Each structure stands twice: as structure tokens, then as C-alpha cells.
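4 protein chains.
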Amino acid sequence: MKTIGVVTSGGDAPGMNAAIRAVVRVASGHGIRVLGFRRGWGGVVANEFMELTPRSVSGIIQLGGTILHTSRCKECETAGEQEKASENLKKNGVEGLAVIGGDGSMRGARAMSKTSGIPMVGIPASIDNDVYGTDETIGFDTAVNTSVSEIDKIRDTAVSHDRIFIVEVMGRQRGFIAAMVGLAVGAEATLVPEVKYNEEVLLNLIKVNEAKGKKSAIIVAAEGVGDTRKIAEDIEKGLGLEARLSIIGYAQRGGSPTARSRFLAAEFGNRAVELLLAGNGNRVVGIQNGRITDISLEESCNNKKPMDLSILQLARVLST
Amino acid sequence: MKTIGVVTSGGDAPGMNAAIRAVVRVASGHGIRVLGFRRGWGGVVANEFMELTPRSVSGIIQLGGTILHTSRCKECETAGEQEKASENLKKNGVEGLAVIGGDGSMRGARAMSKTSGIPMVGIPASIDNDVYGTDETIGFDTAVNTSVSEIDKIRDTAVSHDRIFIVEVMGRQRGFIAAMVGLAVGAEATLVPEVKYNEEVLLNLIKVNEAKGKKSAIIVAAEGVGDTRKIAEDIEKGLGLEARLSIIGYAQRGGSPTARSRFLAAEFGNRAVELLLAGNGNRVVGIQNGRITDISLEESCNNKKPMDLSILQLARVLST
Amino acid sequence: MKTIGVVTSGGDAPGMNAAIRAVVRVASGHGIRVLGFRRGWGGVVANEFMELTPRSVSGIIQLGGTILHTSRCKECETAGEQEKASENLKKNGVEGLAVIGGDGSMRGARAMSKTSGIPMVGIPASIDNDVYGTDETIGFDTAVNTSVSEIDKIRDTAVSHDRIFIVEVMGRQRGFIAAMVGLAVGAEATLVPEVKYNEEVLLNLIKVNEAKGKKSAIIVAAEGVGDTRKIAEDIEKGLGLEARLSIIGYAQRGGSPTARSRFLAAEFGNRAVELLLAGNGNRVVGIQNGRITDISLEESCNNKKPMDLSILQLARVLST
Amino acid sequence: MKTIGVVTSGGDAPGMNAAIRAVVRVASGHGIRVLGFRRGWGGVVANEFMELTPRSVSGIIQLGGTILHTSRCKECETAGEQEKASENLKKNGVEGLAVIGGDGSMRGARAMSKTSGIPMVGIPASIDNDVYGTDETIGFDTAVNTSVSEIDKIRDTAVSHDRIFIVEVMGRQRGFIAAMVGLAVGAEATLVPEVKYNEEVLLNLIKVNEAKGKKSAIIVAAEGVGDTRKIAEDIEKGLGLEARLSIIGYAQRGGSPTARSRFLAAEFGNRAVELLLAGNGNRVVGIQNGRITDISLEESCNNKKPMDLSILQLARVLST
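Protein chains in written order, with the numbering used here: chain A, 1 to 320; chain B, 1001 to 1320; chain C, 2001 to 2320; chain D, 3001 to 3320.
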């Protein structure tokens, strides 16, 4: 094996740069050349790349975003574009590709592997934590901590004004971020797409809390639960209490990765190169029960990651 | 003088607790008792207060929010309520009141001083920086830095995705936060209520930047400029470019105060007590041209704080 | 079971307050009264305690330190003092005790359980991560992230001055903090007590790096490796290069806990109360392979936690 | 005027990059070419430079350190080396030089201006805040806030252990950082080189505090006061209390600049180019009483910046 490629795809996540660095340095240590394709699959289709050496990934471990840039490329899903991408990879001698991204990127990797026959290894990096086959994705811990810091600040205002806050966090269709954030900030309630929103239950909870002397509340809601503005209105109308909405926005995607996100980036990048070297393509690396593992790309794409609802229950007990 | 009162009113601002601490400890040093009224003017009307000693303000210098809680109290503006508040102050022997808050609180202090005849000293604390008579309010520097940290993170995503971001910051009807934030993050454009929004100028600027090779942009917009969602749409429709809106919400109001906000809290609290001791009531303390000063409450309430637009111009030159 | 006690002992760790909150609220949910003993074992000996209710642990989840205060109590190890402590626990009707602390505190719990016959459950909280029976202690992730943030800043100066920095981190006799920090900051070398320091190897590594064009370096050293000043001198004398020492001090012990430290605090506190309720005393809770577990206090005290040296090897490969 | 140079010299300070960016973009706006010399005066002597365009200073506003690198160059003070530097500047057509650094760099600029006859403008950037002619240097506010954040964390441990901490901050021979930090963290005592250390006064203060019920204390000490370890020992020996020393090290020099440090960088860089354009060389820019100003390089070099001791007194009153 002489040359591999690396690409970051889909939404960016903190730690993608640390993962690029890991792939490049581990590969270089084995005498393998690394090509970094720019702007996700779009760059593979357009044949835009740069050679990455140990020196060119220097000083990036702590940076958010991705030096390779990224994109969500709708057009890349057509057969014609995939053919083009496949030809480019072959033309450049790419014998394996490390694909850093979320669940959409894993599906892209599967499609591309079928078109090109080139072994792909997926490195799960997504703040949403929604890749099947890993307990945690690169960037998840950072996004959670960014939200927790923000909400700790919002709590100051909530308490000072005896006010209720709905705080919307990211996570697309899943509640992983919301659940962990809700537990960590001591939210009075946590709303996730995996559990149907019940206005009556929520309003009752707030009433019970009020009776106990809790005049302010933080309700963490995943973006996937739908219109969070309506929830604030439900509270205002239903209970006659002041409720404000605050949306923790794109800051969750950026910022310097936490130690844990960097640790996963290092381990995942290392395992990905090892797999490619061993001719063990079409895998997705991950961490399961505290151990670095890998499963087949097919299995990762065909399954929906389950969510453990017990931490929601624990959060509820702890916010009494 | 034996007893003074202290109250935090209006929106909370980081550094209010440091200001309460300063008032209490300076007053105590002069043998004066301090009563802390709760929940702004509402607590004065309801006669809710606690005695504050040097020990009871221990460990609060670094906390956001206000241990006295605060409120915006519409009812308190009626003559009847003001009469009640006035009686409570007299009944408790309050010979002077330090009012910590924004421009609305200064107007409240003026009204209350007229009703009660008790000397009031205003301590400007507001993230909006909109109190006439001080170059800077307690909390402004903290809110600016919170926004800057957030936008530094959003920049990661903007660059990685070659995308344009509109970032809405607070400031109510004024652009002080936006202007300083725009300069500090190197925003490609900064929109403030003091300058009329011109769609054509903004779109042209983005086009010129694109021609220079700038593929991402951060546009900082004060909430006072109106519907920021529309600005994102203007860009998407007018230029066919991806533009996202991110609203830096209530986190700007909270969090641990910066050194500068704590410094102002210490100086303002100290000056406020000195003024009350000297029988010099109905003043608003401030910092002007680097010096701790005070002006009459009347003058502060009757004037609108001017905004220096030159930093917008400088920001524009620097973002080329 | 009507009453349990909770105590924080040994060095403080971020997340201890979140653990106290968890113990109190879970126990209260089962109708059990909780007594919080102050200043570690010293407070048990002196019978200093306060009743903790769900309201009295409100607003502490995000605070560093411990509201119960803590101490390292040498005298408490004598039979006489233990007898006194034992009597106090019984006198107050304490039927189980949650002991939050590091490995020293676990040994204290074992001794106290023998003297008093009262079931003890250990909750591992220590920045050092040195408790046998858990892959991670409460506070470890926070301390690691604090160090990583500091070193990211030091890297600015190291690069700007083309200079070598030795950065000493905490961890007492163990290298857990250093190993994770070294990986996360991309340290050129990481020195831990578990691996004998070899001056020649270190100097050679720096020379090789220099030849590759690396003019600055970060060397992370655990305090347990001994005199770090000497290492800086070794480099200056041996290589004629400028080397500075920076000691990341007590800030590592404090600060707001990360989401992960709060998560562990919630889970450990919950499990500890469950164990006491089930009459299952003299256990140490923990997280092993991603699952909340518990082992016997005896086993925890009699074993030394092993350290996985593979992340040091990975860090070395990644810093080439 | 066609070409100017820019150099960063002496110790690095957060905001140097923002200042480089400001110089380059303002100059470019006037059609002037900018050469960036590397590694301080050493790079001028060695004729190491790169042309800086608006694009090459993109994405650096938020970065600590200096992309031009810096050094303290002892040899550069010899006549021979200065002659070489002077020739290099002339050979490259440099008609004016912006020198970003502390008081040593200002003296270097004066010497170089005499040797070369080329107009120099000093931009004060130093965490120590010790340049005469400006109330505040670029980087000072950042270093202060970094220390304040650290000490807020140390306070957690100090309170939890009822312990006294001496915290040493930077500032070389001056107490500017210590004084502002001491006020902002609510230090029980602040030791600066400008006020002679008096063991008796310090010990007495701690005794008085203890009598008031203050069991922990933070004593902020500037590095310029000398052996801080001895102060900890004085307390342990003199009072029999536990006292720990924590040194806030090089992290103070690095990290992302605060909004205020970036604001000064923008304003100073802008004024520096304006002065060079106006043929107004050998000046030092600054902020005085809230206004951007400039004084002669000679005056700046010949005077020692005075320190206002009143904030030490205020800090003392506030920590009672």
C-alpha cells in the first residue's frame, strides 16, 4: 500500500482536525502517502486535493472545524458523479480512504466503496452522536460541554429573574446531546425526539416544582422535538408563567475539541489506518464499552443507534 | 447616616453581585448597615429585604446573576405602588439607596427619589451599555467577550463550510454590543440600529469579498436592527449563497464577570457609597475618559447615550 | 433505612458537589434523611454535620470544590478517633455512609466500616484517577481539560519563541492525568512515574525533532516523576536549547466540572444509594467498560490500579 | 510611501496577531506593501521576512502568540548588528517600521531609528502593561482574565480545604497584573513590587481575617516581589496555618485575546500606519484617558510608567 486518502464530509465536528492529524501521522509512520480531499465528496468528484505530510498537520490538534473543509453534497449521490469520484481516486493511486463524518458520510462511504471497489474506513465524527457502531462520536463531548457552559450562564438569568427557560440544543433527529446536557445541567425536564412530547406532563411537572419552591426552571429540548417556540407558549398560556426560549446555535459545532474528543480522534484515526493497512476495508471504527472496536460499514449503515433512556429518568430524579 | 439600601433592577448583568459586594463592604467599613431589597422595585414595594453583612456577600464576586434577584416591574411605576415603596424605605430607616441596573432602573430611581425624598445613587449595570453618563456599564465587557467566544466557534463552521453566518447579538435598541463584537471578531459587516440597514450595500460587500477569495463571512447584527432572519433570506435570494442565522441568546446576560466588569463594579460601588455618605444623592456613577465620575440622575435620564460610529468604519477597513 | 450520611474526604475534585446532590436527591426520593458531615473524617470525629435536603443541594451541580468542605485527617486514623467517629454516626442514626473521595478515602472508609459496622459505599472522586475498580473517577476529565486548555495557551508562546516547555501536571504518584493530557495536546514527550525517566532518550527525541524542523516542543510531565526543574536543566545543558518549566497548579483541582464529571457524579451517587438501600455495603462504585459497576471496598483497597501505557505509545507516534 | 515593515519583538502577548492584521490591512488599504520580519530584531538582522497581504493575515485575529514569531535578541543591541539590520531595511525599501512589543522593544526601536534614520512607530503589546505613554497595552486584559479564571478555580480548593493560597502572577518588575487581578478575584492581600513586602502586616491581616471567620485566603503576589515560596513559609511558620503556593505560569502569555485586547490591537495598528503615512515617525501609540493617542518614542523610553496604588487600597477595603 502506497497511498491513502482522507476526507471530511457532512457537518463539521470539533476533533475532525485531530482525526486528520492522526490518520496522516500514523500512515506516514508506515511510509504511506496521504492525499487530503477538499470539501467532502465534492472535492473527490472535482479532484481537488493536497498531499498531507506530518508537517502539514502540525498545530491543528486544538482547532475546531476542518482544514480540509467539508460539505453536504447532494449531487454526489448520483451514479455519474460517483463514477467521476471513483475515477479520481484510482487516477491518484488511492488504495484506501478514511472518511471522517456522521451517519450520512458512512452511507456515502458505502456507496463509494461499491462504485469504486476501493476499501473505505469510516471514522465517526459528528456532534449528534448518531452513528451506529460507536458509543460516542468525535465531537459529541465537545458539543455537550459547549451547551453545558452556555446553560450554566443562562441559569444565572433564570434564577435571578425567577423565570423558566426552554433551551434548544442540536442533535438533528436524535436526543443524544439533549439527554446528556439535561443530566449535566440539572435540567428540570429534558425533551427528546425519542419520547413523545406531552404538554400535560410538562406543565404538571412545573406546577409541582413551583409548589416545592422552585421558581425557575431549565427545560432542555432537542431540536428534533419540533417547534420549541410552541413549548414556551404552552407554558405561558397554560400556567401564566414567564417562559423564554434560547437556542444554542452553531457554536455547538465549533470550538476547540475537549480532551475526550481529541482522544477519540487519535484512537479512531489510528485504528482506521491499521484497518486499511491490514486490507480490512469497509469498516467503521468506534468505541464500545470502553474499547476501540470496528464493525462493518454495512452493519453501521443498516442500523439505527439505540438510545438509553435511563439517563433521562436519572435526570428527572436528580432535579427534584 | 446609619442605614442604606441596595437593589438590583431590570435585566441582570454579570458583575451585579460584585457591585452588591462593593456597596456592602464599603458601607460596612463606615459602620453603615445595608439592607438588600429583593426582586428589584417589586421587593421594595412588597418590603422584602434582608440585611447584608460583609460575610453574607462572601464568595459572590465571581458569580453571574444577582443574589438579590431582579425584575422588571411595570406596576411599580404607578403612584400608589411608589408611595408604598417610599413608606417601606422610610419605615426601615433607609437613608439612601444604591440602585444597580440599566437605563430603565435609572428612571425608576429618579421617580422614587421624587416620591420619597430619599437620596438615590445609580450604579449602571447592563449588558447593553446604554446608560448616559458612563462610557461603559458593568456587564458590557462580559457580554461582549461571551459573544466573541461564541462567534470564534461559529467561525470554525463558517470557514469549514464556506458559508455566510448572520449572528444576532443582544443590545435592545442600541448597537454597542454589536459594534464592539464586530470589531473583535473581524466581522465582514456589522449591523446596528443606529445605521439604517441597506440591503444593496450589504449584498455588494459580500460580492466584492467573494471576488477577493473570501468564501465565508460573519455578519454581526444587533437585535435592534429588526428581523435578522430576513437578512439571511436577502442574502440567499439576492446572491444564491448559503446563509445561516445564529442567535447568541441569554448566555450573554450570565456567566462569571470579566476582570473589567468586576473592576467597574468595585469602583462604582465604592463611589456610590461615598456619594451617599457625602449627602450627595441623585447621582449616577460612571467611568468617563478612564476616570470614575458621577453626573446627576436627571441628566442621565434626560439624555440618550451617543454612539461612536468610528469603530464600525475601522472594523470595515480591517475586514477587507 | 431512615438515615444515611455523606462525607467528602481527601483532596477536593470537581464534581464532588454534583455527587453530593445526587446522593441527597436519590435518597430523599426514597424518603431517607441525609446528614452531610463537614470537613471529611474530621467532621465525623467532631460530630459536625448538617441535614441536607433536596433544596439545600440546589444550585451546586456546576460548582467546583465541595460545600461540605474536606480535609486530609491524619489523626482520624488512630483507633481512638475512629471510635469517636463511629459513636457519632450511631448516635445520629446513620445506617449507611457514602464516602466521596480518592483512594485514601476508600481506605478510610474500610477502616471506619470495620470499627463501626456501618455499611460504607465509596464514590471515587479524585482528579488523580487512581482508585482501583473504576476506569475513571469524578473530576479526572475536568482536571485533564483544565490542563489541556492551559497547555494550548502555552503552546502559543512555545511556537512564537521556538522554545521547549516542560509542563508539570498533577496526579501524585500516578501518570493518568499526564498520559491523557499528553495525548490531547500532542505533546512531543510525556513523562509518567510508571515509566523510568531516561535523559538520553528524551534528549535524542528532541534532537530528532529539531532535525525534522520542529523548533518548539511541549513535554508533559506528571508531578510524580520527580524534580521537573532538573529535566528543563538537562535539556538546556545537554542540548544548549532554551527550555522553560511551567507548573499547572491547583487550578486543576477546581473549576466547574465537565459534563462527563457531572455524569459520573450522577451515576455514582445514584448507585451508591441503591447499594445502601439494598443492604449492600462496603462497596466501591465505578464505571468499567462503559457500565456502572461496583466492587468490594476490600478489593478496591488491596489493589493498585493498572495503567494502560498504549496511549503513551500512540501519543508518540502522533507527535512525529 | 510604498513599503513598510512590521515586527513583533520581546515576549509574546495575546493580540499581537490582531495588531499585525490591523497594520497590514490598513496599510494595504492605502496601497502600501507590508513586509513582516520574523523572530523580532533577529529577523531584521538576518533579513528574514515575508510579504504580508490582507489574505495572509486572514484567520489570525483570535490567535494567541505571533505568526511572525518573536525573540529577545541580546546580540541585536551591538552596533554591528544594528548596522546590518539598518541595511536590510533600506535594501528592502522599508520606509517605516511598526514595532509591536513591550518597553524593551520600544528601546530597540529608538536605537534602530537612530542607526537607520527610518521612522519607527511603537505599538505597545505586553502582558506586563509597563510601557510609558499608554494606560493599557495589548495583551494585558487577556493575561489578567486568564489569571482571574485560574484563581477562581483555586478559590474552590482554598475554600473547600480552609486553606491559604499564595498565587504568583506575572508582570516582571511591575505589579500591574497583580493589582488588577487582586481586585478582580477579591484577594485578601495583593503584593506588588511597588510596595515593600511587610511580613508583619501580612500575618496580622490574616489573623484579623481569621478572627472574623475567614478560614481561607487568596494572596495575589506579583513575580516581581521576589521569592513567593518564602511568603508561604512565613505564613506557615508565623501562624501555624497551611499555606500553598501556586504559580500561574506561561498560560498568561497565550490564549485567544479578549475583546479589549483585540480592540486595542485594531486601534493601535490603525494609528501606527496613519502616523507613518503622515511622516510622523518615532512615536509610540497608546490609549490615554479613553482616547487613542501617541507620544514621542524618546519620551516613552525615558520615563517609567507610574502605578496607581488606589486600586490596592480599594481591594483591601473590599476584602474585609
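Just so you know, even glycine gets a beta-carbon here, dropped at the ideal spot from N, CA and C.
All values reported here derive from a predicted model rather than from experimental measurement.
Asked, Found
"is_contact[Leu3318/D, chain B] using C-beta, thresh 8 angstroms", "yes"
"Simplified DSSP state of Glu2210/C, which is helix, strand or coil", "helix"
"Cross-chain neighbours of Gly2186/C in chain A, by beta carbon under 7 angstroms", "Ile61"
"Coarse secondary structure for Met2050/C, derived from DSSP in three states", "strand"
"Within-8 angstroms CB hit, Gly3286/D to chain B", "no"
"Bridge partners - Ala2189/C, DSSP secondary structure assignment", "Ile2219/C"
"Lys1215/B vs Asp1152/B beta-carbon contact at 8 angstroms", "no"
"Opposing strand residues paired with Phe2140/C [DSSP bridges]", "According to DSSP, Phe2140/C bridges with nothing at all."
"Cα-Cα separation between Thr3008/D and Val2159/C, rounded to whole angstroms", "14 angstroms"
"Same chain only: Cβ atoms within 7 angstroms of Arg33/A, ignoring 5 sequence neighbours per side", "Lys2, Thr3 and Glu51"
"Coarse secondary structure for Ser1009/B, derived from DSSP in three states", "coil"
"Cβ of Gly64/A within 8 angstroms of any chain B Cβ", "yes"
"Residues of the segment 1146 to 1174 of chain B whose Cβ lies closer than 9 angstroms to any Cβ of chain A, in chain order", "Thr1146, Ser1149, Glu1150, Ile1151, Asp1152, Lys1153, Ile1154, Arg1155, Asp1156, Thr1157, Ala1158, Val1159, Ser1160, His1161, Asp1162, Phe1165 and Val1167"
"Three-state secondary structure (DSSP) of Leu3063/D", "coil"
"Cβ distance (whole Å) where Gly238/A is taken to contact Leu203/A below 8 angstroms", "5 angstroms"
"Bridge partner(s) assigned by DSSP for Asp2268/C", "According to the sequence provided, residue 2268/C is Phe. The question's Asp does not apply to it. Beta-bridge pairing links Phe2268/C to no other residue."
"Coil, strand or helix - Val3045/D by DSSP", "helix"
"Cutoff 6 angstroms; reference Tyr1132/B; Cβ partners in own chain excluding five residues on either side", "Ser1300, Asn1303 and Lys1305"
"Contacts around Leu1019/B, its chain only, beta-carbon distance under 7 angstroms, and the 5 residues preceding and following it disregarded", "Looking at the sequence shown, residue 1019/B is not Leu but Ala. So the qualifying residues of the chain are Ile1100, Ile1123, Ala1125, Ile1138, Ala1265, Phe1268 and Gly1269."
"Minimum Cβ-Cβ distance from Val2026/C to chain A less than 8 angstroms", "yes"
"Rounded separation between Thr3142/D and Val2044/C - CA only", "44 angstroms"
"Run of the alpha helix (DSSP H) containing Val26/A, from where it starts to where it stops", "Met16 to Gly29"
"Residues near Ile2060/C in its chain [Cβ-Cβ closer than 8 angstroms; skip 5 each side]", "Asn2017, Ala2018, Ile2020, Arg2021 and Ile2067"
"Cβ contact check for the segment 1073 to 1087 of chain B and the segment 1249 to 1258 of chain B: 3 or more pairs under 8 angstroms", "no"
"Own chain, CB closer than 6 angstroms to Gly2182/C, minus 5 neighbours either side, in chain order", "Thr2190, Val2220 and Ala2315"
"Other residues of its chain near Arg2244/C: CB distance less than 8 angstroms, five sequence neighbours each side excluded", "Arg2163, Ile2164, Phe2165, Ile2166 and Ala2232"
"Ala3125/D, enclosing alpha helix (DSSP H) - first and last residue", "Looking at the DSSP string, Ala3125/D is not in any alpha helix (DSSP H), and its letter there is neither H nor E."
"Asn1280/B burial status per 10 Å Cβ neighbour count (16 or more: buried)", "exposed"
"Cutoff 8 angstroms; reference Gln2173/C; Cβ partners in own chain excluding five residues on either side", "Asp2130, Pro2193 and Gly2224"
"4 or more residues per run - each alpha helix (DSSP H) lying fully within the segment 1233 to 1319 of chain B", "1259 to 1277, 1297 to 1302 and 1310 to 1318"
"Cβ shell of Ile154/A (< 8 angstroms), same chain only, five flanking positions each side left out", "Phe165, Val167, Ile218 and Ser246"
"Thr70/A, DSSP secondary structure in three states", "coil"
"Pairwise C-alpha distance: Glu2298/C and Val2284/C", "9 angstroms"
"Proximity below 8 angstroms, CB of Thr1115/B to CB of Ser1086/B", "yes"
"Proximity below 8 angstroms, CB of Val2273/C to CB of Val2094/C", "no"
"Listed by chain order, chain B residues near Ser3256/D by CB distance under 7 angstroms", "Asp1152"
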